[in-house]
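Data block below; observations after.
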Amino acid sequence: MNQQNYPQNMNYTVLPTSTLAIVSLVAGILGFMGLPIIASIVAILTGYAARKETRSVPPKAMGDGMATAGIIMGLIQIGLAVIAICCFIAYFVFVIGLVSRGK
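Numbered continuously in this note's numbering, the sequence shown closes out at residue 103.
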């Protein structure tokens, strides 16, 4: 007697997952595993392309979260690479200063 009326015809369209989003996520993970600069650049570029694809109206694919994760991992790796290069340069400047002072 207490029945709920559910719609009988539910037309859900399932969007495919964006290939660019998957590539961005995988490249972001590879950036942490072994190819920091190259994979990070790939993660950032494909991530932004995937976000453009997933945020279009109407959306063409799913995977906005994967694209965002790839972009974030790529940016973190680029930041860590810049910090590492700055530390490397500072180390050699410090060593050259010590060697030249000793003479």
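We treat Cβ as the ideally placed atom computed from N, Cα and C, and that holds for glycine.
Asked	Found
Inter-residue spacing [alpha-carbon to alpha-carbon] between Cys86 and Val93	11 Å
Validate contact between the segment 60–71 and the segment 94–101 using beta carbons, cut 8 Å, 3 pairs	no
Residues that Thr17 bridges to, as DSSP identifies them	Met62
Segments of 4+ residues assigned as alpha helix (DSSP H) that fall wholly inside the segment 27–56	36–54
Backbone secondary structure at Tyr91 - three-state DSSP	helix
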